[in-house]
Amino acid sequence: MSLLPQGRKQLNQVKQFAQTMNQAAAPEKLQSHWHLQQWWIVIAGFFLFASILVFALTRPISSTRIEAEYLKKTDPQIYALLNGEILSPPPEVDESLIEAAIVEATQLEQQYSSQNSGAINSSPIDNASFDGRAILDTNLVDRKWDKMNPRYKQRLLMVFKIMKEQYGYELVLLEGYRSPARQNMLAGNPNTTRARGDQSYHQFGLAADVAFKRNGKVVISERDPWAMQGYRLYGQVAESVGLTWGGRWKSIQDYGHTEFRMPGLRKTQEMAEKLIAESSNDIS
0 MSLLPQGRKQ LNQVKQFAQT MNQAAAPEKL QSHWHLQQWW IVIAGFFLFA
50 SILVFALTRP ISSTRIEAEY LKKTDPQIYA LLNGEILSPP PEVDESLIEA
100 AIVEATQLEQ QYSSQNSGAI NSSPIDNASF DGRAILDTNL VDRKWDKMNP
150 RYKQRLLMVF KIMKEQYGYE LVLLEGYRSP ARQNMLAGNP NTTRARGDQS
200 YHQFGLAADV AFKRNGKVVI SERDPWAMQG YRLYGQVAES VGLTWGGRWK
250 SIQDYGHTEF RMPGLRKTQE MAEKLIAESS NDIS
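Per numbering that gives the first Met the number 0, the very first residue in the sequence shown carries number 0; after that it's consecutive.
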């Protein structure tokens, strides 16, 4: 029972201290309670510091920030070109638009072939991006950006931006990362590619195939004069940021293809896995 009066006494002391501190905060008590007002400053400073510390420790680190630090360390050239601005990928293109573009491209090729059947210089489309069956196999085609290495992805996004702002061409991604299994399947047609699994830059997240979007429709075929002009501009812009353009190749001209030939790259499965892991912000 003796604890009850003692508890009340302590409670009264706490109340009295709180009242004194509250009175000390009043402007008219500045002179008489200045020593207590210092406690208010200390308490306020403590809570301010604690809130800053909690915010700093719990704030999520964005993928953009991780990518920026990664590029600053591994690829200062593209980091300088971006001027510290990390570009974000556009939304994934609707699959039905690509299917319609393939149908249209096939029709254009058939028309071209029939009109130039007797011409000596007539040639079928050898643009690897136009392999209709390969593009339509959606189970194997990856049209996302998440497995593309930042060193290539940011260069390609810069090309997207320049093409849109300076030339009015909207680009869409047909395929970025490509698995070794799909690469081997495509290599079965020598008119599409001669690189097998882990031989193409696609397996390392360092290559992509693109097309254009006009009036809400995807345009792939270079038989379309507007698209062919776009491919030429695309190649020029891509080369200006350090990419290799497939349109300059002698054997198979791949107008929609670009790749980043990373210095010192060893084309092994281990290296491919490492670069893809970096693409997913698993950067150490």
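Here a beta-carbon is modelled for each residue, glycine too, at the ideal position from N, C-alpha and C.
- Between I85 and S95, the alpha-carbon positions lie close to 30 Å from each other.
- Rounded to whole angstroms, the gap between the alpha carbons of G83 and A67 is 7 Å.
- Here R181 carries a helix assignment [DSSP, helix/strand/coil].
- Put simply, of A226, F159, R181 the residue whose alpha carbon is nearest the alpha carbon of S239 is F159.
- Your pair L170 and M162 checks out as a contact, with CB atoms roughly 6 Å apart and the cut at 8 Å.
- For secondary structure counted as the alpha helix (DSSP H) over 4 or more consecutive residues, the stretch 58 to 114 holds these complete runs in sequence order: 62 to 73, 75 to 81, 94 to 114.
- Contact annotation: L274 and L172 have beta-carbon atoms that are not nearer than 8 Å.
- The beta carbon of M261 sits closer than 7 Å to those of R150, L205, all from its chain and outside the five residues before and after it, given in chain order.
- E91 and S220 do not touch by the CB rule: their CB atoms are close to 21 Å apart, not below 8 Å.
- Note: L170 is bridge-paired with F211 in the DSSP secondary-structure output.
- Between the C-alpha atoms of M270 and V218 there is a straight-line separation of about 34 Å.
- Listed in chain order, the non-local C-beta contacts of G229 below 7 Å within the same chain comprise Y168, F211, local neighbours out to five positions each way being set aside.
- Linking T257 to L47 through their CA atoms gives a straight-line distance of about 51 Å.
- Distance between K143 and Y176, taken at the CA atoms: about 8 Å.
- The residue among Q109, R7, Y78, Q153 with its C-alpha nearest the C-alpha of S278 is Q153.
- With fewer than 16 neighbouring CB atoms inside 10 Å of its own CB, F45 falls in the exposed class.
- Straight across, the Cα-Cα distance linking G245 with Q106 is about 24 Å.
- For K273, the enclosing alpha helix (DSSP H) begins and ends at 268 to 278.
- Minimum Cα-Cα distance from M227 among the listed residues G215, V209, S178 corresponds to V209.
- Out of R195, Q109, E164, T243, the CA that lies nearest to the CA of A180 is found in R195.
- Distance from the CA of L81 to the CA of N148, rounded to the nearest whole angstrom, comes to 16 Å.
- K216 sits in a strand when the DSSP states are folded into three classes.
- One thing to note: D197 has its Cβ within 8 Å of the Cβ of K266.
- Secondary structure at E221: coil, using DSSP grouped into helix, strand and coil.
- If you draw a straight line from the Cα of Y233 to the Cα of E164, it is about 13 Å long.
- The straight-line gap separating the alpha-carbon atoms of P224 and S112 is approximately 16 Å.
- Per DSSP, reduced to three states, the secondary structure at A194 is coil, with no helix or strand assignment.
- Around the beta carbon of E272, a 10 Å sphere encloses fewer than 16 other beta carbons of the protein chains shown; the residue is thus reported as exposed.
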